[in-house]
Every structure is written in C-alpha cells, then in structure tokens.
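**Student:** The structure that follows is given in the form of structure tokens.
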Amino acid sequence: MKTSAIVSAVALLALFGAVVAGTRQQASNAMLQHTHARLQYPETKKVDVVDDYFGHRIADPYRWLEDPDSPDTRRWIDAQNALTQSYLDSIPERGRIKERLTALWNYPRYSAPSREGSYYVFSRNDGLQPQAVVYKAAAPGATPEVLLDPNTFSPDGTVALGGLSFSEDGRYLAYALASSGSDWLEWRVRDVAAGVELADRVKWSKFSGAAWKKDGSGFYYSRYDEPGPGAALQAVNKNQKLFFHAIGTPQQEDRLVYERPDQPDWGFSAEVTDDGRFLVIVQTEGTDNRNRVFLQELSRPGSAVEPFLDGFDAAYDVVGNDGETFYVRTNKGAPRYRLVAIERGTTAPRSWRTLIPEAANRAVLESVTMVNDQFVARWLTDAHSRLALYRLDGSPAGEIALPEPLGTVSELTGRRRHREAFFAFTSFLSPTSIHRYDFETSATTTLWKPEVAFDASAYETTQVFYQSKDGTRVPMFLTMRKGLERNGQNPTYLYGYGGFDIPLTPGYSPAMAAWLEMGGIYAVANLRGGSEYGQEWYDAGRLANKQNVFDDFIAAAEYLIREKYTSTPRLATAGASNGGLLVGACLAQRPELFGAALPAVGVMDMLRYHKFTIGWAWKSDYGDPDTREGFEMNLKYSPLHNLRPGTSHPATLVTTADHDDRVVPAHSFKFAARLQEVQAGAAPVLIRIETKAGHGAGKPTDKQIEERTDVFAFLVRELGMTLPR
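Each residue of the sequence shown is one higher than the last, beginning at 54 in the working numbering.
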C-alpha cells in the first residue's frame, strides 16, 4: 500500500473513530471545523525577478522583502502585525493564558556555579526579571553579591549577556553584550572583587568566547571585519580572525594571532590548556562537525602556530593534556565518539591510545570534562543523560546518580584541580535543579531545586519508538496527564528539529507546563539529522538525505494519529530555525495532515539561504544551491518553492524577529507572503514579527511570555480547544 493510501486510511480512522464510538467522534470533530471568515490579507506587491539556475528559471516575486529596512518592507511589517494582533485580540481566552503563563514563569531559575578564584559564580533569575543576574559568593550556600546585572544594560531588557569568561585567578571577568537578539558581541571587562568596570571595549566579535592567558594579561577572541554602514544584520560573515586583547589597551592595538585569507570560510576558536603551556586553536568550516586543531606553544614567546590534527576528517575536542600528551574526544573511527590520548608530533591514528572506547550499545559520548584528575563523561542514551567517571588510564570509576531516568544534564562545571563538580539537571516535568558532587565522599547534594506553581505529579513522560517511512526506528518523548484517554481528541503539540548534529533532550519549560494544564500532549520527536545516535544518525538527515528528516516528522504525526493520541484537527506541528524549515517543508508536503503549523525563525528559501550573514556556513547540512547538485536537491523541499496554489493549508502562525541576523527575517517574510497568496482554504495564515529581538537567545522574559501567549491563543482557536476551569 502506498504512503498516500496509508495516510488516507489513518485520516479516516481519526475522523470517524471505531465503529462503536463513530457517531460521537464524528460529531466532536465536526465541532472543530469551525467556520472561518476568510481574512483579508495586506496587499503584498510582486516584482519581476527571475533567476536562472542551470536552465531552470525560478521567479522570486517577493525579493524586495529581503531588505528589512526599506520603507515598503516596514509598511508591510506594520500591516501584517496589525492583522495578526487584531486576530489575536479577538480570542477571549488570551488574557487567561497570559495570566497563567506569567504565574508559571515566576519562579527562581539558577545556573550551575563555577569556581572562579576565591568566588563561586552563578546566575539567577528571580522569576520575571527580563535577564538573569550574575552573582558571586564565598561558598555555594553563602549570601551572594551581585556581580553583573544585565537588567541595567537597557531600559527594556533587550541587551543580554552573550558570554562570560574569568581570568585564571578570578580577578577579571570578560563579558559580552548582545543587543536586541543579534549575534554580534561587544566584549567588556570588569574587576570582580572591586566591581569596577574597566575601559576595555572589543567590538565586532561573533561566534566567539574569550580565552584568558594564565597570567591574566589579556584574552584571545575571534572577530570579523567591521561591516559597512547599514550592513551589520545582513552582510555575509567570512574571514574570521583570531586576536589577543591586552587588558588596558585599545582594540586597534590588539595582536592578530592567526588568520587564513586563503580560506575565507574558516572560523576559529581558542582555549588555553590548564598548564598554560599551549594555545589550542580549533578551526571550523561553517557548521560541519569536522574540524582542525592547531597549537601554539605559549611557553616559548614568538612560537609559530603549528598543525596538530589537520586532516579535517573528523570531530576533535581537546579535553586536556599532560605535557605533550593530549586527551581528545573524537568520532574518528568511532561514529558515537571515544576518548583517546594523542602525543604531540605522533598524531597518526595508529599511535593513539583509546582511554574511553565507543559504547557497545547506541550511547553517544556527548562530552568529557576533567575534574579531580578524572574524566567526567556525559553519555547520551536514547536522547537522555548519564554521568560516568573514569580514571586517567580510562578505567571506570563509578557513576554520578541523576535525579530521574529520562532527563538531561544541561550543564557541568569543574576544573581538573577541583575536588567538586556542579551540574544542572532537568526533565520535561522537573525545572532545572542544581547539584554538587563531592569526589572525596562520592556524595551528591542538591543546592537549588525550585518550587513552581505546577503539579508535576499529575503528569508523566514516556518514551515511545515508531517506524519512519524507510523502516528506521525513531524515538519520541510524550508528556501528558496521567490516565489521559487515547480517543483522538487530545490537542497535541508536536515539536522537532532534525539537523546540525544537535539532539533534542528532555527539558522543562513553563510554557509547556501551561500547555499540559490546558489538556495538551507535548510530543518531541528525535529525528535524524541530530546527534541522538552519533555521526551516522546525523549523516542520515543531511544533504541528499534531508528528506529523511521530513519523513521522520510526518511518521511521528501519523503515529500519534494512528495510536489515537490525537487527530489531524487537533494536531499542531512546531519547530524553530532548522525546525522552522522542518515545519515549512512538512506543511508543503502534507498540508492535510496537520490542524495547525507553527514555523518559527525558519530557513524557508533554500535557494538563497547562503547569501546572508552566516547562512553560507550551513552548506554542510543543506548543500550549495550554486551547484547543480545542490540546486536540484534543495528545490525538492524548499518550503518557499513548494507551496502550491489551490491547496488548503492548515492554520499557520509564522513567527520571526526584525533583528534576527542568523536566519534573516526575509525567509519568514517571503514564506508568509507566498502562503497567503496560494491559500485556498479559509484557515488563517498569519505572521508575528517581533521587534528588537533576534533568533531567540537573550530574549527578555516578558517577550517570551507574550510570544507564548499569542501562540497558545492561536492554537486554542484553531484546534477548537476549551480551557479547563
């Protein structure tokens, strides 16, 4: 039986139910097909722009929307936002949703502490503060002092912290400001003990940390050349360079450490080894998980940068060193990663010593940290975390017990000389708690476990496995009220990502707590393209295999319908960034499968994604549209180019932001305009364009609550939901 026939059968079963319950199910679903008054969308002009791709003429009538600051685009944004706001304001439940979200968001949220000199440093948001505040304390339980309050950076909370790095002795803090959600960073320096701001300013840094020299004289960072006037949010970012900034000097005197003008796609990051002897330079090409590693011997002033692992044939993560022996986590010869010891000057794989081998099961060695002269390994097993300890020779030294089986270790801090480690743990039903592990006693204590206005005991998370189109077994987490009846009537929020070697693991969200209280099911599918099962899982969802990701997501929806968790009129599909592409592609391929679609900050124009900011770096996942192979591959699934006139698409709320300089808002603008143009049904197609916000990082709390309020209000109306009293 063909897939289309299977889907038709499933849709009929979902619509009419079993024979015994058929009449009741049909009546209930009929109520969901509420009458839409077809919206009058703002007029969107079309221009005569046609590109020739290898003999294929592709029209791009909304090319003008790529300029976010033109008067025409600004008028279009205002008109679209006015329509969307008018629609949302007409939903009676919106006020109740916002009130409940605000209450659920209002709880203290902590980060895992780190020891910096004589202080323990952590962040805390008291609940509804726009940004988390950074504190210092003499001990984990001591009274903390404010070290840095990002809420003072701007009146509206739209300037956020983009990074933190302390000098070895804890005297100085380098911190980065990110404005309105932009990826651009401005580094500043503060005296930690005195709380005094220094005059140092380092601009035009992006995708960079700050790596201090052990003597505290300055730090290494990466930056791009200053973009031209008005081009900061759109100009292509290439030719990244590594610099050293000496404290107390102007940026124009910063020393260039390494650049490769012959390789404009190369990017650089840097770390200094614990012994201070080496600068480790990691070279990447876009988002490819392969990399090169270079070394500079800092103990010999004026020494050259030398290649260490420069085959660009695998991923290499330098965990630490003993002299010229480097401990490296790699997927070279181990798709799910292993830890090896590599001698400087003898780097051929045949000479490596394996310390922690690749797991015999499907577990992935996600990270390794050196604490207490041991290796703390974070394993990912079926998309949830496990912590294991190993001695320096690789022999097992026990495990660190976690609070729950289906959860995520989201942070782990500690240094090689420390006798304690701190970690953050979360699950779908447990807000992030902070724990301390004592290596001398092997005891774990809980430092902070927030209390929230949510009764988690009424809900449960299970993990299911379903088959994709090609028979691949795919995991999915389902969180819902205990004893929920599987009658096909439950509103379901299906979330996915599937790309860039990034896993989706359990995590608490006050927004999803509200969704559960509203009677919803929260489903998270672990699609191919992520790192849930290592390199092979990633490779199976990128480039020519990208369709597998969409098939996995569609199969997740079909599973939820077939198993009567939900039905098409009650099913919402959601994803952000690469997940926005996922939603857009599945909406174009299977519009009849979903009741609502929520593509957020998505990559929608797969023929031009590489022409803006850092978009070119995604070729490792998407391919190069300027080649015939890449063009033909991307055209098959590009959301913008696969929307067909005369098709009834599900209710859609596109969300983006005007300062998104990672996935520029033109993607969402053009997709929304095209979807409004071709929509044959009466279901609404709306776009919500946030101002003074970016791709998502650093978004102030009030903006997060407002956005979730609007999304849930949209779903209440379009999925025919009735809020519980």
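For glycine and all other residues, C-beta sits at the position ideal for the given N, C-alpha and C.
1. Pull up the distance between the alpha-carbon of Glu338 and that of Ala368, whole angstroms please.
2. On the three-state DSSP scale, how would you describe Ala430?
3. Taking only runs of the beta strand (DSSP E) that begin and end inside the segment 292 to 369, which ones reach a length of at least 3 residues, in chain order?
4. If you count every other CB in all the chains shown that lies within 10 Å of the CB of Gly467, and 16 or more means buried, which is it?
5. Which same chain residues end up closer than 8 Å to Asp523 when comparing Cβ atoms and leaving out the 5 residues on each side of it in sequence?
6. Do Ile740 and Ala719 have their C-beta atoms closer together than 8 Å?
7. Where Lys151 and Thr762 are concerned, what is the direct C-alpha to C-alpha distance, given to the nearest angstrom?
8. Are the beta-carbon atoms of Asp125 and Trp117 separated by less than 8 Å?
9. Going by other Cβ atoms of all chains shown within 10 Å of its Cβ, with 16 needed for buried, is Asn543 buried or exposed?
10. Alpha carbon to alpha carbon, how far is Tyr662 from Phe722? Give it in angstroms, no decimals.
11. Which first and last residues belong to the beta strand (DSSP E) in which Arg241 is found?
12. With distances taken between CB atoms, is the gap from Asp714 to Thr666 smaller than 8 Å?
13. Whole angstroms are fine: how far does the CA of Ala670 sit from the CA of Tyr277?
14. Check His87 in the structure and name its three-state DSSP category.
15. Quick one: is Asn374 buried, meaning 16 or more other Cβ sit within 10 Å of its Cβ, or exposed?
16. Where do the N-terminal and C-terminal ends of the alpha helix (DSSP H) with Lys672 fall, by residue?
17. Among the candidates Val199, Glu759, Met774, whose CA atom is the shortest distance from the CA of Arg153?
18. Determine the contact status of Ala610 and Leu646, defining contact as a CB-CB distance below 8 Å.
19. Under DSSP, the alpha helix (DSSP H) around Ala567 begins and ends at which residues?
20. Where does Arg697 sit, in a helix, a strand or coil, going by DSSP?
21. From Thr479 to Gly637, what does the alpha carbon distance come to, in whole angstroms?
22. Go ahead and label Arg91 buried or exposed: buried means 16 or more other beta carbons lie within 10 angstroms of its beta carbon, across all protein chains shown.
23. Measure the C-alpha to C-alpha separation of Asp770 and Phe475 and round it to an integer number of angstroms.
24. Exposed or buried, which one is Asn178 when buried takes at least 16 other CB atoms within 10 Å?
25. When you compare only the Cα positions, how much space is there between Val186 and Ala413?
26. Taking one C-beta from the segment 289 to 298 and one from the segment 265 to 280 each time, how about it: are there three or more such pairs within less than 8 Å?
27. With C-beta atoms as the reference, is Leu596 less than 8 Å away from Gly668?
28. Pull up the distance between the alpha-carbon of Cys639 and that of Ala629, whole angstroms please.
29. Given a threshold of 16 other Cβ atoms within 10 Å of its Cβ, counted over all protein chains shown, does Asp446 qualify as buried or as exposed?
30. Report yes if the CB atom of Ala509 is closer than 8 Å to the CB atom of Leu537, and no otherwise.
31. On the three-state DSSP scale, how would you describe His712?
32. Give the C-beta separation of Arg397 and Phe379 to the nearest angstrom, bearing in mind that I take them to be a contact with Cβ-Cβ under 8 Å.
33. May I have the straight-line CA-CA distance separating Ile574 from Asp491, to the nearest angstrom?
34. What's the gap between the Cα of Val199 and the Cα of Ala191?
35. With respect to the beta strand (DSSP E) encompassing Tyr225, which residues constitute its N-terminal and C-terminal limits?
36. Tell me which residue opens and which closes the alpha helix (DSSP H) that His720 is part of.
**Tutor:** Reading off the structure:
1. Numbered from its first residue, the sequence shown carries residue 338 at position 285. Numbered from its first residue, the sequence shown carries residue 368 at position 315. Near 12 Å, if we compare the C-alpha coordinates of Ala368 and Glu338.
2. Translated into the one-based positions of the sequence shown, residue 430 becomes position 377. Three-state result, Ala430: strand.
3. 294 to 299, 308 to 311, 319 to 325, 331 to 338, 344 to 350, 359 to 362
4. Against the sequence shown, residue 467 aligns to sequence position 414. Answer is buried; the Cβ neighbour count reaches 16.
5. On the sequence shown, position 470 is the one that residue 523 refers to. Answer for Asp523: Asn601, Asp604, listed in chain order.
6. By 1-based counting over the sequence shown, the position of residue 740 is 687. By 1-based counting over the sequence shown, the position of residue 719 is 666. No, the Cβ-Cβ distance between Ile740 and Ala719 is not below 8 Å.
7. Looking up residue 151 in the sequence shown gives position 98. Looking up residue 762 in the sequence shown gives position 709. Distance between the alpha carbons of Lys151 and Thr762 is about 5 Å.
8. Here the question's residue 125 lines up with position 72 in the sequence shown. Here the question's residue 117 lines up with position 64 in the sequence shown. Contact: yes.
9. For the purposes of this step, residue 543 is taken as residue 490 along the sequence shown, with counting starting at 1. Buried, since its Cβ has 16 or more Cβ neighbours within 10 Å.
10. By one-based count along the sequence shown, residue 722 stands at place 669. By one-based count along the sequence shown, residue 662 stands at place 609. Cα to Cα, Phe722 sits roughly 13 Å from Tyr662.
11. As a working note, residue 241 is residue 188 in the sequence shown. Counting along the chain, the beta strand (DSSP E) containing Arg241 begins and ends at 238 to 244.
12. Within the sequence shown, numbered from 1, the residue matching residue 714 stands at position 661. Within the sequence shown, numbered from 1, the residue matching residue 666 stands at position 613. Cβ atoms of Asp714 and Thr666: closer than 8 Å.
13. Here residue 277 corresponds to residue number 224 of the sequence shown, with the count starting at 1. Here residue 670 corresponds to residue number 617 of the sequence shown, with the count starting at 1. Straight-line Cα distance between these residues: approximately 15 Å.
14. Here residue 87 refers to the residue found at position 34 when the sequence shown is read from its first residue. Bear in mind that the predicted position of His87 carries a pLDDT of just 46, short of 50, making it unreliable; the figure below should be weighed with that in mind. Of the three classes helix, strand and coil, the one that applies to His87 here is coil, per DSSP.
15. Sequence index remark: in the sequence shown, residue 374 carries index 321 (1-based). Its Cβ being crowded by 16 or more others within 10 Å, Asn374 is buried.
16. On the sequence shown, position 619 is the one that residue 672 refers to. Residues 672 to 675.
17. Position 100 of the sequence shown, counted from the first residue, corresponds to residue 153. Among Val199, Glu759, Met774, the Cα nearest to that of Arg153 is on Glu759.
18. Locating residue 610 in the sequence shown gives position 557, counting from the first residue. Locating residue 646 in the sequence shown gives position 593, counting from the first residue. Yes; because the gap between Cβ atoms is below 8 Å, this pair is in contact.
19. The sequence position of residue 567 within the sequence shown is 514, counting from 1. Counting along the chain, the alpha helix (DSSP H) containing Ala567 begins and ends at 563 to 570.
20. Counting from one through the sequence shown, the residue named residue 697 turns up at place 644. It is coil, neither helix nor strand.
21. Locating residue 479 in the sequence shown gives position 426, where the first residue counts as 1. Locating residue 637 in the sequence shown gives position 584, where the first residue counts as 1. About 29 Å.
22. Taking the sequence shown and counting its residues from 1, one reaches residue 91 at position 38. Classification for Arg91: exposed.
23. The residue given as residue 770 occupies position 717 in the sequence shown. The residue given as residue 475 occupies position 422 in the sequence shown. The sequence given here has Arg at residue 770, not Asp. Rounded to whole angstroms, Arg770 to Phe475 spans 44 Å at the Cα level.
24. As a first step, residue 178 is located in the sequence shown; it is residue number 125 there, counting from the start. Looking at its Cβ environment, which holds 16 or more other Cβ atoms inside 10 Å, Asn178 is buried.
25. By one-based count along the sequence shown, residue 186 stands at place 133. By one-based count along the sequence shown, residue 413 stands at place 360. Taking the straight line from one Cα to the other gives about 43 Å.
26. yes
27. The sequence position of residue 596 within the sequence shown is 543, counting from 1. The sequence position of residue 668 within the sequence shown is 615, counting from 1. It is not a contact, given that the beta carbons lie outside the stated cut-off.
28. By one-based count along the sequence shown, residue 639 stands at place 586. By one-based count along the sequence shown, residue 629 stands at place 576. Distance between the alpha carbons of Cys639 and Ala629: 13 Å.
29. For the purposes of this step, residue 446 is taken as residue 393 along the sequence shown, with counting starting at 1. With fewer than 16 other Cβ atoms within 10 Å, it is exposed.
30. Taking the sequence shown and counting its residues from 1, one reaches residue 509 at position 456. Taking the sequence shown and counting its residues from 1, one reaches residue 537 at position 484. For Ala509 and Leu537, no; Cβs fall outside 8 Å.
31. The residue given as residue 712 occupies position 659 in the sequence shown. His712: coil per DSSP, three-state reduction.
32. Sequence index remark: in the sequence shown, residue 397 carries index 344 (1-based). Sequence index remark: in the sequence shown, residue 379 carries index 326 (1-based). Sure, about 7 Å apart at Cβ, within 8 Å.
33. To locate residue 574, count along the sequence shown from 1; it is residue 521. To locate residue 491, count along the sequence shown from 1; it is residue 438. Approximately 38 Å, taken between the alpha carbons.
34. Working through the sequence shown from its first residue, we reach residue 199 at position 146. Working through the sequence shown from its first residue, we reach residue 191 at position 138. Each residue's Cα considered, the two are about 12 Å apart.
35. Along the sequence shown, one-based indexing puts residue 225 at 172. Per DSSP, Tyr225 belongs to the beta strand (DSSP E) from 225 to 232.
36. One-based indexing of the sequence shown puts residue 720 at position 667. 719 to 731 is the extent of the alpha helix (DSSP H) around His720.
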